[in-house]
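Okay, so the sequence shown: first residue is 1 according to our numbering, each after it adds one. Don't be surprised by glycine CBs; every beta carbon is placed ideally from N, CA and C. Working notes, beginning with the structure itself.
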Amino acid sequence: MRYLPLSDADRREMLGKVNVASIDDLFAAVPPGKLMRELPRLPKAKSELEVERELGILAARNTPAGSVPFFVGCGAYRHHVPASVDHLIQRSEFLTSYTPYQPEISQGTLQYLFEFQSQVAMLTGMEVANASMYDGSTAAAEAVLMAHRITRRKKAIVSGNLHPHYAAVIETLSRHGGAELTQLPPSPIEDEDLAAAIDGGTSCVVVQYPDLFGNVRDLRPLAAAVHAAGALLIVAVTEVVALGAILSPGEMGADIVVAEGQSLGNGLNFGGPYVGLFATSNKHVRQMPGRLCGETVDAEGRRGYVLTLSTREQHIRREKATSNICTNSGLCALAFSIHLTLLGESGLRRLAALNHANAVDLAERLARVRGVKVLNGAFFNEFTIRVPGDAVAVIDRLADKGILGGVPVARLLPDHPGLAGDIICAATEINTDADRAALAEALRAVL
Numbered sequence: 001m002r003y004l005p006l007s008d009a010d011r012r013e014m015l016g017k018v019n020v021a022s023i024d025d026l027f028a029a030v031p032p033g034k035l036m037r038e039l040p041r042l043p044k045a046k047s048e049l050e051v052e053r054e055l056g057i058l059a060a061r062n063t064p065a066g067s068v069p070f071f072v073g074c075g076a077y078r079h080h081v082p083a084s085v086d087h088l089i090q091r092s093e094f095l096t097s098y099t100p101y102q103p104e105i106s107q108g109t110l111q112y113l114f115e116f117q118s119q120v121a122m123l124t125g126m127e128v129a130n131a132s133m134y135d136g137s138t139a140a141a142e143a144v145l146m147a148h149r150i151t152r153r154k155k156a157i158v159s160g161n162l163h164p165h166y167a168a169v170i171e172t173l174s175r176h177g178g179a180e181l182t183q184l185p186p187s188p189i190e191d192e193d194l195a196a197a198i199d200g201g202t203s204c205v206v207v208q209y210p211d212l213f214g215n216v217r218d219l220r221p222l223a224a225a226v227h228a229a230g231a232l233l234i235v236a237v238t239e240v241v242a243l244g245a246i247l248s249p250g251e252m253g254a255d256i257v258v259a260e261g262q263s264l265g266n267g268l269n270f271g272g273p274y275v276g277l278f279a280t281s282n283k284h285v286r287q288m289p290g291r292l293c294g295e296t297v298d299a300e301g302r303r304g305y306v307l308t309l310s311t312r313e314q315h316i317r318r319e320k321a322t323s324n325i326c327t328n329s330g331l332c333a334l335a336f337s338i339h340l341t342l343l344g345e346s347g348l349r350r351l352a353a354l355n356h357a358n359a360v361d362l363a364e365r366l367a368r369v370r371g372v373k374v375l376n377g378a379f380f381n382e383f384t385i386r387v388p389g390d391a392v393a394v395i396d397r398l399a400d401k402g403i404l405g406g407v408p409v410a411r412l413l414p415d416h417p418g419l420a421g422d423i424i425c426a427a428t429e430i431n432t433d434a435d436r437a438a439l440a441e442a443l444r445a446v447l
């Protein structure tokens with residue numbers, strides 16, 4: 001048999017071992033309203049062929065990103081991934097490898113992680129990077145915990161223009177870690193006064209660059225204010241391709257840079273798995289979570305690679321660990337590294353320039369639609385427009401016309417009614433001139 005179910009006696013014995021009366025007690029920590037009250041209306045059993053057929057029907061109700069003009073971004077971007085990336089990462093030595101605990105049999109894995117770290121450090125303008133994190137949001141939360149350890153303070157100031165998913169992960173870890181969190185309200189147009197929120201108990205300020213609404217702002221004045229208070233500046237980047245065109249966070253005084261690396265080498269993939277980037281300065285390296293691969297020489301003077309630093313609970317006493325991250329998204333990191341290697345510096349700069357040009361063209365087209373206002377001054381490949389009425393309804397009507405026109409801010413920030421007419425639009429190298437014209441025309445018709 002392919003599946004051997006447990007008997008009632010087995011279940012009773014297991015529940016007794018964990019000292020609960022019923023299976024329902026195992027879910028007592030789930031907030032009210034989050035559990036299903038009854039089983040979904042699905043048949044109890046079907047053959048494998050029938051299940052595939054049913055799931056195929058359900059999947060056909062989706063609109064694949066590549067099938068229509070696509071302008072969705074907000075932390076997950078559609079870029080062209082060269083075919084060679086998928087071909088290489090599916091080689092068995094890469095696809096099946098895991099944590100390189102034994103360097104003598106893991107030289108290939110360790111070398112590509114070392115190269116990945118070098119690329120991330122150069123992109124972010126920082127001195128050292130780790131061998132990747134789960135994704136950008138968990139990397140941001142780990143950065144806040146790291147800042148608490150370094151400064152020995154427990155208060156984080158979070159920009160209102162940080163992606164709400166990143167802010168939610170930071171809030172979760174802060175709440176369970178007994179730390180204090182202060183988040184400013186979102187501000188798509190005016191500059192936030194983050195410096196005014198800093199006090200003597202502040203360990204860090206977390207800001208997104210470009211921010212949620214696409215704004216590109218000079219972070220150097222904020223960095224100066226943060227450092228004057230003895231705190232750290234954490235910069236989160238959701239669109240890593242932007243670093244091919246704009247000043248790096250490290251050049252503007254960031255102490256820790258976290259980013260989502262999905263844009264390079266990794267498709268949208270229905271939301272994951274993705275790859276988190278994490279970089280900092282040398283003086284903070286021992287407080288950095290995750291793993292660090294280093295280059296060395298063996299007893300015969302030959303170049304080799306090792307895990308130089310692994311500050312997690314599997315390697316040292318749990319109470320001494322900086323993090324309990326248990327994987328490094330190695331395959332996604334390899335895809336990132338291969339794509340960036342194929343591009344090279346000049347290729348990345350050209351890719352970034354193309355993204356920016358397409359976004360500028362789209363913004364100019366949409367600004368000519370009656371009732372539409374572009375809110376941004378400086379932006380990279382993502383910007384915010386304001387439309388009359390309900391942006392969610394506008395996006396739904398665009399979808400009915402076969403165009404995925406962007407992300408309504410109300411779906412990300414439902415508690416801010418003043419943003420109900422705002423839509424975040426992203427344009428990458430994937431979008432054609434015809435795609436951009438189609439969105440402008442459809443928006444004109446919808447409005």
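Residue nearest to Lys-155 in terms of C-alpha spacing, selected from Gln-117, Gly-253 and Gly-201: Gly-201
Residues sharing a beta bridge with Arg-386, DSSP: Lys-373 and Asp-422
Apart from the five residues on each side of it in sequence, which residues of its chain come closer than 8 Å, Cβ to Cβ, to Glu-180? Lys-154, Lys-155, Ala-156, Ser-174 and Gly-201
Do the CB positions of Asn-161 and Asp-211 come within less than 9 Å of each other? yes
Using three-state DSSP, classify Asn-431 as helix, strand or coil. coil
Hey, how far is the Cα of Pro-100 from the Cα of Thr-109? 7 Å
In the DSSP assignment, the alpha helix (DSSP H) including Thr-138 goes from what residue to what residue? 136-151
Through-space distance from Val-18 to Ile-430, alpha-carbon basis: 52 Å
Mind checking which residues open and close the alpha helix (DSSP H) that includes Lys-34? From DSSP, Lys-34 is part of no alpha helix (DSSP H); its letter is neither H nor E.
Can the beta-carbon of Gly-125 be found less than 9 Å from the beta-carbon of Gly-276? no
Closest to Glu-239 by C-alpha separation, out of Gly-253, Ala-229, Gly-250 and Ala-259, would be which residue? Ala-259
Rounded straight-line distance, which links the Cα of Arg-11 to that of Gly-294: 48 Å
Give the DSSP-derived three-state secondary structure of Met-133 in the structure shown. strand
Which term fits Arg-436, buried or exposed, when burial requires 16 or more other beta carbons within 10 angstroms of its beta carbon? buried
Assigned secondary structure, Glu-93 (DSSP; H/G/I helix, E/B strand, else coil): helix
Roughly how many whole angstroms lie between the Cα atoms of Arg-152 and Ala-195? 20 Å
Since I believe Ala-391 is in contact with Gly-371 (beta carbons under 8 Å), could you give me their beta-carbon distance rounded to a whole number of angstroms? 12 Å between Cβ atoms; not a contact.
In the DSSP assignment, the alpha helix (DSSP H) including Ser-174 goes from what residue to what residue? 164-176
Near Leu-443, what residues of its chain come up, given a Cβ to Cβ distance below 8 Å and the 5 sequence neighbours on each side ignored? Leu-366, Val-369, Val-372, Val-387, Val-394, Leu-398 and Gly-405
In the DSSP assignment, find the unbroken alpha helix (DSSP H) run with Cys-332 in it and report its ends. 330-367
Using alpha carbons as the reference points, say which of Val-205, Thr-296 and Ala-242 lies closest to Ala-228. Val-205
Find out if the Cβ-Cβ distance for the pair Val-120, Ala-231 is shorter than 9 Å. no
Mind checking which residues open and close the beta strand (DSSP E) that includes Ala-236? 232-237
Counting pairs of Cβ atoms below 8 Å between the segment 242-252 and the segment 78-96, do you hit three or more? no
CA nearest to the CA of Arg-411, picked from Leu-351, Asn-266 and His-165: His-165
Need the endpoints of the beta strand (DSSP E) that Arg-291 sits in, please. 291-297
Where Lys-401 sits in the DSSP three-state scheme: coil
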